[in-house]
Amino acid sequence: MATFAHITPARCTQLGSALSAAGLTWQDNGNQDRPELVTYTLTDPHGRRWTIDPATSNQITPSRPASLWQAACAAPFHRSDVLSARMAAAYIRDAPAAE
2 MATFAHITPA RCTQLGSALS AAGLTWQDNG NQDRPELVTY TLTDPHGRRW TIDPATSNQI
62 TPSRPASLWQ AACAAPFHRS DVLSARMAAA YIRDAPAAE
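Residues in the sequence shown are numbered from 2 upward in steps of one, following our numbering.
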């Protein structure tokens, strides 16, 4: 069964800091105490809505222990690989405009 023990309050703070440093407007759903339910919602520079959710323990590789987050955009639908906080923020910030 998948677990979420790797998502700590410090990891949530790290993601929030990375999103802010990337210039993204974001909010969380306030579930840092229940990491399996935590979700971040943000808007990219093109006005698209994204969500960032924690990866499950099954998605995390020992060689990349900081890669804990997965971003998804609904329109057009796209889901990132599992990324670190900094890389998830950069991924969304740098996503090209939809054609």
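Think of the CB as a built atom: it goes at the ideal place given N, C-alpha and C, for glycine as much as any other residue.
Original post:
Residue range of the alpha helix (DSSP H) that ALA19 falls in?
Top reply: Counting from one through the sequence shown, the residue named residue 19 turns up at place 18. 10 to 22 is the span of the alpha helix (DSSP H), which, as asked, contains ALA19.
Subject >> Secondary structure, alpha helix (DSSP H): runs of 4+ residues fully inside the stretch 14 to 94 >> reply: Here the runs fully enclosed are 86 to 94.
**OP:** With a cut-off of 8 Å on the beta carbons, I'd call ALA22 and ALA90 a contact; round off their distance for me.
**Re:** Numbered from its first residue, the sequence shown carries residue 22 at position 21. Numbered from its first residue, the sequence shown carries residue 90 at position 89. Confirmed, Cβ separation roughly 7 Å.
**OP:** Give a yes or no on whether the C-beta atoms belonging to ASP45 and GLN71 are separated by under 8 Å.
**Re:** If you number the sequence shown from 1, residue 45 lands on position 44. If you number the sequence shown from 1, residue 71 lands on position 70. No, they are not a contact pair.
**OP:** Give me the Cβ distance between THR40 and ASN30, rounded to the nearest whole Å; I'm assuming they're in contact under 8 Å.
**Re:** The count along the sequence shown starts at 1 and reaches residue 40 at position 39. The count along the sequence shown starts at 1 and reaches residue 30 at position 29. That belief holds up - the Cβ atoms of THR40 and ASN30 are roughly 5 Å apart, short of 8 Å.
Original post:
Among ARG35, THR42, PRO36, which has the Cα closest to the Cα of LEU25?
Top reply: The residue given as residue 25 occupies position 24 in the sequence shown. Just measuring C-alpha positions, the residue of ARG35, THR42, PRO36 sitting nearest LEU25 is THR42.
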